[in-house]
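K.L.:
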Amino acid sequence: MAEVIFFIAAIVVIAGAVGTVSLRNPFYSVLALVCHLLGLAALFLLLRAEFIAAAQVVVYAGAVMVLYMFVVAYVGGDRRALAAPVSGRLKALSALFAGALFVELCIAMIGSTVGVLDSEGTGFFRAFGTPQEIGRLLLTDFLLAFELASILLLIAAVGAVVLARRRSGTEMAGDLSVADVLRGTHGTRTPAELETQAEAAGPARR
Amino acid sequence: MSITWYLVVSTIVFAIGAGGVLVRRNPLVILLCIELMLNAANLSLVAFARAHGNQDGQIFALIVMVVAACEVAVGLGLIVALFRQRLPIDVDELRELQG
Chain A
1 MAEVIFFIAA
11 IVVIAGAVGT
21 VSLRNPFYSV
31 LALVCHLLGL
41 AALFLLLRAE
51 FIAAAQVVVY
61 AGAVMVLYMF
71 VVAYVGGDRR
81 ALAAPVSGRL
91 KALSALFAGA
101 LFVELCIAMI
111 GSTVGVLDSE
121 GTGFFRAFGT
131 PQEIGRLLLT
141 DFLLAFELAS
151 ILLLIAAVGA
161 VVLARRRSGT
171 EMAGDLSVAD
181 VLRGTHGTRT
191 PAELETQAEA
201 AGPARR
Chain B
1001 MSITWYLVVS
1011 TIVFAIGAGG
1021 VLVRRNPLVI
1031 LLCIELMLNA
1041 ANLSLVAFAR
1051 AHGNQDGQIF
1061 ALIVMVVAAC
1071 EVAVGLGLIV
1081 ALFRQRLPID
1091 VDELRELQG
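If you read the protein sequences in the order shown, they are chains A and B.
Heads up: the first sequence begins at 1 in the working numbering, then just goes up one per residue.
Heads up: the second sequence begins at 1001 in the working numbering, then just goes up one per residue.
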């Protein structure tokens, strides 16, 4: 039974990965990656990593992919990136590189003389990978890594807001910075552009 | 199922992701390919954790997921900033650091 589930999940994982790379429309790429992540969660369950599988589905397939969806929908109108084809030589070189990387990784990981790899794994106990065990480890042995991860998330959230904020927005005198005036960008925007930016920024502040 | 099968799947996915980073020109898709590679690394970490009966590898995989989420947030912020500046969303044309 485990074999059947493994092969189904592995096929979903690899097909999702191929779809992510090969589909022309970024929107479909994101959908293929969601399939890939769901298959990967099944593999994690087979490896007795319940908490990782749940976090994978909730955090990745749920939150992060929705973020991707919104950005693809926001940026998606750009047809030039879709239309421009990649040259055949680059494709062949990339495939060659990927194949070489595959062979090298196989030699490194599977060719190594780690005896346990041919078995189903050792030292399995009943609570392996459950939320209780993961939580206990995170709050005892790996407390520093846990706290650092939370600080990293905070920094990334603030950084993303700073990066994606509206730069030189409307024509309001109060909103223009000196740098914008020096660059001379404030006078060159068309009404349509201003409308788009106002829409992106939400209703005007009073 | 022997652990080697999981490692083979992980290796295949990693190679696909690395090839995708080289082939594609849309930064959104390149971010997705980086996600593929991080997930392949996660799968091998969890597989090794299972092989040795030690849960530390699973904690490692969780931290990798946190770092991947941070990378996605910052990368998507950069893409939105590019879009606002009316720059082309194409890595071959973005050669200058000065926006």
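Every residue, glycine too, gets a C-beta built ideally from N, C-alpha and C.
It should be emphasised that the depicted structure is a prediction, and the values quoted were computed from it without experimental measurement.
Do residue 37 of chain A and residue 60 of chain A count as a contact pair if the criterion is CB distance below 8 Å?
P.N.:
Numbered from its first residue, the first sequence carries residue 60 of chain A at position 60. Numbered from its first residue, the first sequence carries residue 37 of chain A at position 37. In contact: residue 60 of chain A and residue 37 of chain A (Cβ atoms closer than 8 Å).
K.L.:
Please confirm whether residue 1063 of chain B has its beta-carbon closer than 8 Å to some beta-carbon of chain A.
P.N.:
Reading the second sequence from its first residue, position 63 is the one you call residue 1063 of chain B. So, interface residue.
K.L.:
Note down, in chain order, every chain A residue with its Cβ under 8 Å from the Cβ of residue 1096 of chain B.
P.N.:
Here residue 1096 of chain B refers to the residue found at position 96 when the second sequence is read from its first residue. In chain order: nothing, as chain A lies at least about 15 Å away.
K.L.:
Under DSSP, the alpha helix (DSSP H) around residue 1012 of chain B begins and ends at which residues?
P.N.:
Residue 1012 of chain B sits at position 12 when you count from the first residue of the second sequence. Per DSSP, residue 1012 of chain B belongs to the alpha helix (DSSP H) from 1003-1023.
K.L.:
Does the contact criterion of 3 or more C-beta pairs under 8 Å hold for the region 16-28 of chain A versus the region 64-77 of chain A?
P.N.:
The region 16-28 of chain A, when compared against the region 64-77 of chain A, does touch it at the 8 Å Cβ threshold.
K.L.:
Consider the Cβ of residue 975 of chain B: report whether some Cβ of chain A lies at a distance smaller than 8 Å.
P.N.:
Nothing can be reported for residue 975 of chain B: it is not among the residues displayed for chain B, which extend from 1001 to 1099.
K.L.:
Can you pull the chain B neighbours of residue 12 of chain A, defined as C-beta to C-beta under 8 Å?
P.N.:
Indexing the first sequence from 1 puts residue 12 of chain A at position 12. Chain B residues near residue 12 of chain A: none, gap ~11 Å exceeds 8 Å.
K.L.:
So for residue 49 of chain A, helix, strand or coil by DSSP?
P.N.:
Residue numbering aside, residue 49 of chain A sits at position 49 when the first sequence is read from its first letter. In this structure, residue 49 of chain A counts as coil in the three-state DSSP scheme.
K.L.:
For residue 159 of chain A, decide whether its Cβ has a neighbour in chain B, counting only Cβ atoms nearer than 8 Å.
P.N.:
Reading the first sequence from its first residue, position 159 is the one you call residue 159 of chain A. So yes, residue 159 of chain A belongs to the interface.
K.L.:
Using a beta-carbon distance cut-off of less than 9 Å, what residues from the region 57-75 of chain A approach chain B?
P.N.:
Within the region 57-75 of chain A, the qualifying residues are 59, 60, 63, 64, 67, 68, 70, 71, 72, 74 and 75.
K.L.:
Would you kindly work out how many angstroms separate the C-alpha atoms of residue 105 of chain A and residue 132 of chain A, rounded to a whole number?
P.N.:
Position 105 of the first sequence, counting from 1, holds the residue named residue 105 of chain A. Position 132 of the first sequence, counting from 1, holds the residue named residue 132 of chain A. When rounded, the distance between both Cα atoms is 34 Å.
K.L.:
For residue 1017 of chain B versus residue 1040 of chain B, is the C-beta spacing smaller than 8 Å?
P.N.:
Position 17 of the second sequence, counting from 1, holds the residue named residue 1017 of chain B. Position 40 of the second sequence, counting from 1, holds the residue named residue 1040 of chain B. For residue 1017 of chain B and residue 1040 of chain B, yes; Cβs fall inside 8 Å.
K.L.:
Hey, could you find the ends of the alpha helix (DSSP H) residue 94 of chain A is sitting in?
P.N.:
What you label residue 94 of chain A is simply residue 94 of the first sequence in a count that begins at 1. Residues 88-109.
K.L.:
State the Cα-Cα distance for the pair residue 170 of chain A and residue 1085 of chain B, rounded to the nearest angstrom.
P.N.:
As a working note, residue 170 of chain A is residue 170 in the first sequence. As a working note, residue 1085 of chain B is residue 85 in the second sequence. Because residue 170 of chain A sits at a pLDDT of 47, beneath the cut-off of 50, its placement in the model cannot be relied upon, and the point is left open.
K.L.:
Please determine, among B:1091, B:1094 and B:1053, the residue with the shortest C-alpha to C-alpha distance to residue 120 of chain A.
P.N.:
By 1-based counting over the first sequence, the position of residue 120 of chain A is 120. The residue with the shortest Cα to Cα distance from residue 120 of chain A is B:1053.
K.L.:
Of the residues A:89, A:35 and A:7, which one's Cα is nearest the Cα of residue 209 of chain A?
P.N.:
Here chain A covers residues 1 to 206 and nothing more, so residue 209 of chain A does not appear.
K.L.:
Decide yes or no for the touch test of the region 1021-1029 of chain B against the region 1062-1069 of chain B: beta carbon pairs closer than 8 Å, at least 3 of them.
P.N.:
Because the criterion of three Cβ pairs below 8 Å is not met, the region 1021-1029 of chain B and the region 1062-1069 of chain B do not touch.
K.L.:
Measure the beta-carbon distance from residue 1067 of chain B to residue 1036 of chain B and round it to whole angstroms, keeping in mind my assumption that it falls under 8 Å.
P.N.:
Here residue 1067 of chain B corresponds to residue number 67 of the second sequence, with the count starting at 1. Here residue 1036 of chain B corresponds to residue number 36 of the second sequence, with the count starting at 1. The pair is not a contact, with the Cβ atoms about 15 Å apart (cut-off 8 Å).
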